[in-house]
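The sequence shown: position 31 = 30 (numbering that gives the first Met the number 0), numbered continuously.
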Amino acid sequence: MGIDLARIDDIVAKKGRTPDMAIPVLQAIQEEFRYVPLEAMEHIAKTTQMTETQLYGVATFFAQFRLTPVGEKIIKVCHGTACHVGGADGLTEALEESLGIKTGENTPDMKFALTSVACVGCCSLAPVVMVDTTTYGRLDRKKVVQIIKEIKG
Ligand code: FES
Numbered sequence: 000m001g002i003d004l005a006r007i008d009d010i011v012a013k014k015g016r017t018p019d020m021a022i023p024v025l026q027a028i029q030e031e032f033r034y035v036p037l038e039a040m041e042h043i044a045k046t047t048q049m050t051e052t053q054l055y056g057v058a059t060f061f062a063q064f065r066l067t068p069v070g071e072k073i074i075k076v077c078h079g080t081a082c083h084v085g086g087a088d089g090l091t092e093a094l095e096e097s098l099g100i101k102t103g104e105n106t107p108d109m110k111f112a113l114t115s116v117a118c119v120g121c122c123s124l125a126p127v128v129m130v131d132t133t134t135y136g137r138l139d140r141k142k143v144v145q146i147i148k149e150i151k152g
């Protein structure tokens, strides 16, 4: 899938082309594309003082950067202790079944990504699922599938 290299040029023009600007440039690229495409790093290396090795090093060192595309909405099933006890495995199973994907994958239409996370800090609501920044608590298989259906519209 080709990316719009003109957008990359705009970002570089705004943020800067020197090596110390690698992080802000990569952050802006991730904001735009929702991940950092390899193609983008190759292009930046060709057109600025940053090198591919440096950019790749930064992008893989910091956990905030994603190197592969991710679905529009990220579903995070909490598998911390309280949620595990409360049935997180069942929620994951139900979501995998209903979306037709495994944890760590995107739906083919790129609407959703399904992930598993550690405690998200609201154990009293266990078991918990977050969709982007919204938290849904006291879930069961039926409820979680219903929520995703509603979001899907
Ligand atoms: S264990 Fe899931 S919110 Fe704490």
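Don't be surprised by glycine CBs; every beta carbon is placed ideally from N, CA and C.
Since the structure is predicted, the reported quantities are computational estimates derived from the model, not experimental observations.
Using a C-beta cut-off of 8 Å, the segment 102 to 115 makes no contact with the segment 53 to 66, since fewer than three inter-stretch Cβ pairs fall below that distance. With a threshold of 7 Å, the Cβ atom of Val128 does not count as near the ligand FES, since no heavy atom of the ligand is closer than that.
For the set Phe111, Val57, Phe60 and Leu94, the Cα lying nearest the Cα of Val127 is the one of Leu94. The bridge partners DSSP lists for Val76 are Ser115 and Val128.
Around Gly86, the same chain offers Pro126 as residues with beta carbons nearer than 6 Å, after the five sequence neighbours per side are excluded.
By the CB criterion at 8 Å, Lys75 and Thr114 fall inside the cutoff.
The Cβ atoms of Tyr34 and Val11 lie no closer than 8 Å to each other. Looking at the backbone, the Cα of Thr91 and that of Val116 are separated by about 11 Å. Rounded to whole angstroms, the separation of the alpha carbons of Val57 and Thr50 is 11 Å. Judged by DSSP in its simplified three-state form, Tyr55 adopts helix. Cβ-Cβ separation between Thr47 and Arg16: approximately 4 Å, consistent with a contact (criterion under 8 Å). With a threshold of 7 Å, the Cβ atom of Thr80 counts as near the ligand FES, since some heavy atom of the ligand is closer than that. Exclusion of Val76 from the 7 Å shell around the ligand FES follows from its C-beta lying no nearer than that to any non-hydrogen atom of the ligand. Between the alpha carbons of Ala21 and Gly120 lies a gap of roughly 32 Å.
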